[in-house]
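Structure, as structure tokens:
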Amino acid sequence: MQASVAIQVLPAAENDEELVRIVDEVIDYIKSTGLNYYVGPFETTIEGESYDQLMDIVKECQHVALRAGAPKVAAYVKVVYEPEGEILTIDKKVTKHHQS
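According to my numbering, the sequence shown is numbered sequentially starting from 10.
This is how it looks when you write it as structure tokens:
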């Protein structure tokens, strides 16, 4: 892996149920990319070989939230990019902390 992004999508919504529905649609989109991802309570992390591919996914996450009915959306994004090497993967970072 050469790149990783963590994205927290915060759509405007009338209530918590609507907010969760919209975020679930964004997560469904992330799942559909076929990339390795990890859903946490505040953000979703996605890994990939291409920085540009991940940035396109970040952009599309906001479009998905708008198409799902959000009148506006904020997103907080963290990026790790190492074009000539390997990043620490999701598995290396968190697997040891989860019960089987």
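Just so it is clear, CB atoms sit at the ideal spot from N, CA and C, and this is done for glycine as well.
From a predicted model like this one, the values you see are computed outputs, not experimental measurements.
| task | With a cut-off of 8 angstroms on the beta carbons, I'd call Val18 and Val35 a contact; round off their distance for me. | result | 5 angstroms
| Helix or strand or just coil, what does DSSP make of Ile39? | helix
| Delimiting residues of the alpha helix (DSSP H) encompassing Thr69 | Here residue 69 turns out to be Glu, not Thr, going by the sequence shown. Here the alpha helix (DSSP H) through Glu69 covers 60-76.
| query | How is Thr104 classed by DSSP in three states: helix, strand or coil? | reply | helix
| Which residues does DSSP pair with Thr53 in a beta bridge? | Partner(s): Ile16, Val48.
| said: Within 8 angstroms of any Cβ in chain C, is that where the Cβ of Gly43 sits? | reply: In summary, chain C is missing from the structure at hand, where a single protein chain is found.
| field | Residue environment, Phe46, which counts as buried when at least 16 other CB atoms sit within 10 Å | value | This sequence places Tyr at residue 46; Phe is not what is there. The residue is buried, with at least 16 neighbouring Cβ atoms inside 10 Å.
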